[in-house]
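S.K.: These protein sequence lines are chains B and G, in that order. Counting from 1, one number per residue, gives the positions in the first sequence under my numbering. Counting from 199, one number per residue, gives the positions in the second sequence under my numbering. Here a beta-carbon is modelled for each residue, glycine too, at the ideal position from N, C-alpha and C. Okay, here's the structure, questions in a sec.
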Amino acid sequence: MLKVIRHLPSLFVISPPRRQDRKGTSVCAFVVSRRLFWLVALLLLASVFALAAPAAQAQTDTSAITDDQVNEVARDLYCPVCESTPLDVCPTAACRDWREVIRTQLAEGRTKQEIMDYFAEQYGGRVLAEPPRSGFALIVWILPAAAVIGGGFLFARYLNGLRREENERTAETADAPLLPAEENEYMARVERELQEES
Amino acid sequence: MTDATITPAETIPARRVNRWAILAGAATLFILGFLGWGLLNTNAPRPEPGSPAPGFEVQFFNGYEWESRPAAALEEMKGQVVVLNFWASWCIECRVEADLLENTWRAYEDQGVVFLGVAYIDVEPQSIAYMEEFNITYPNAPDLRSHISQDYKVTGVPETFFIGKDGLVKDIVIGPVSAQRLTSTIERLLAEDA
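Now the structure itself:
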């Protein structure tokens with residue numbers, strides 16, 4: 001590199017015109033030195049490589065991604081074509097294509113969540129084994145828990161009410177004076193039992 | 199009896215309106231309503247001939263357009279006969295009708311007929327490869343979030359919906375469409391008034 005820099009001034013030496021046109025006038029033909037030619041060629045080559053690099057990256061190398069890694073993501077996805085069959089075990093061509101998408105995205109460095117989000121965005125939330133924990137789908141997560149807590153609370157209140165009612169009724173029965181008819185019947189029964197014992 | 203000893207206060211007390219019971223009832227109704235709504239949506243029937251075609255908007259694949267626009271809504275195609283075809287690159291049966299659809303589109307594109315392909319549960323690079331393979335030129339779009347196929351209750355591919363100038367579904371073909379069915383239906387719908 002230093003050698004190239006040292007020779008830079010000499011690279012731009014422009015040779016005097018060496019040709020004349022048919023009328024004999026000199027042609028302003030800038031003849032560059034051979035070194036300049038090679039430098040330009042080198043730069044062109046470098047730029048070709050620089051441009052080709054992203055294109056090469058676009059063809060992501062997926063060979064490092066194992067089937068287990070793909071299935072780790074795929075088992076939480078469901079292809080709508082084959083209902084109730086997780087993507088990792090679905091044998092259809094559509095699911096095979098999906099698994100390849102997962103493989104490519106893993107190779108690109110995407111996380112499992114990012115891949116799941118991509119599939120939900122492309123094909124809808126129904127492809128997810130678990131509904132998303134955001135937006136309207138959040139209700140699916142909240143509702144059962146709320147129903148259990150709310151139901152338990154209401155049931156406890158109901159039982160409490162029953163117990164209180166029972167206690168009140170017992171207290172009322174104990175405190176209430178016996179009515180004459182009941183008293184007579186009660187006394188008669190006591191006397192009858194005493195006589196039987198004696 | 200000794201009715202005179204029983205005061206009105208000792209009779210059965212009027213049932214108090216329990217606000218918790220109201221709350222529980224409302225919550226139960228809400229849950230049932232929610233479940234019912236989901237069930238209705240899931241079991242909603244496929245649009246039948248004579249019913250309005252469910253509306254939608256599409257963003258066409260790169261390189262595809264309708265009236266020089268990269269996106270369109272079905273509503274904007276009213277007044278024209280629309281042949282809405284659901285397909286997928288992984289679908290073997292779709293390959294049977296691919297050439298027929300393209301050739302028929304080329305024959306009718308200047309006569310007020312719109313062919314609209316919708317890729318169903320497909321991977322975009324595969325969709326594009328499929329369209330290149332069959333040299334498909336009519337407008338095609340992915341079914342983002344599967345909204346269109348869900349609204350049309352598509353259960354497999356290929357499926358073709360013929361939509362009249364009035365925006366109503368006129369005919370449905372499940373499986374590959376035949377040349378005779380395709381052209382005769384288009385001709386019949388072209389002859390109808392908007």
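When you compare the CB of G:R267 with every CB in chain B, is at least one pair closer than 8 Å?
M.R.: So, not an interface residue.
S.K.: Taking only runs of the alpha helix (DSSP H) that begin and end inside the stretch 289-367 of chain G, which ones reach a length of at least 4 residues, in chain order?
M.R.: Counting only runs of 4 or more, we get 290-306, 322-331, 345-349.
S.K.: Any contact of the stretch 239-248 of chain G with the stretch 290-308 of chain G, i.e. 3+ C-beta pairs under 8 Å?
M.R.: No, because fewer than three Cβ pairs between the stretch 239-248 of chain G and the stretch 290-308 of chain G fall closer than 8 Å, the two stretches do not touch.
S.K.: Are there 16 or more other CB atoms within 10 angstroms of the CB of B:R99, so buried, or fewer, so exposed?
M.R.: Under this definition B:R99 is a buried residue.
S.K.: Tell me the residue span of the beta strand (DSSP E) that contains G:W285.
M.R.: Its beta strand (DSSP E) spans residues 279-285.
S.K.: Express the C-alpha separation of B:V140 and B:L154 in angstroms, rounding to a whole number.
M.R.: Going by the C-alpha atoms only, they are around 21 Å apart.
S.K.: Quick check: what's the CA-CA separation for G:V375 versus G:R386?
M.R.: C-alpha separation (whole angstroms): 16 Å.
S.K.: Applying the 10 Å Cβ sphere with the 16-neighbour rule, what's the burial state of G:E390?
M.R.: Exposed.
S.K.: Counting only C-beta atoms, is B:E141 closer than 8 Å to chain G at any point?
M.R.: Glu is not the amino acid found at residue 141 of chain B; the sequence shown has Trp there. Cβ-Cβ to chain G under 8 Å: no for B:W141.
S.K.: Would G:G362 be called buried (16 or more neighbouring beta carbons within 10 Å of its own) or exposed?
M.R.: So G:G362 counts as buried.
S.K.: Between G:A317 and G:W285, how many whole angstroms is the CB-CB distance? I'm expecting something under 8 Å.
M.R.: Correct: roughly 6 Å between the Cβ atoms.
S.K.: Please determine whether the Cβ atom of G:V367 lies at a distance below 7 Å from any heavy atom of the ligand COA.
M.R.: Because no ligand of any kind appears in the structure shown, any question about the ligand COA cannot be addressed here.
S.K.: So, under 8 Å CB-CB, G:N338 and G:F258 are touching, yes? Tell me the CB distance rounded to an integer number of Å.
M.R.: The pair is a contact, with the Cβ atoms about 6 Å apart (cut-off 8 Å).
S.K.: The beta strand (DSSP E) with G:A225 in it runs from where to where?
M.R.: From DSSP, G:A225 is part of no beta strand (DSSP E) but of the alpha helix (DSSP H) over 217-240.
S.K.: For the stretch 237-265 of chain G, enumerate the residues whose C-beta is nearer than 7 Å to any C-beta of chain B, in chain order.
M.R.: Answer in chain order: no residues at all.
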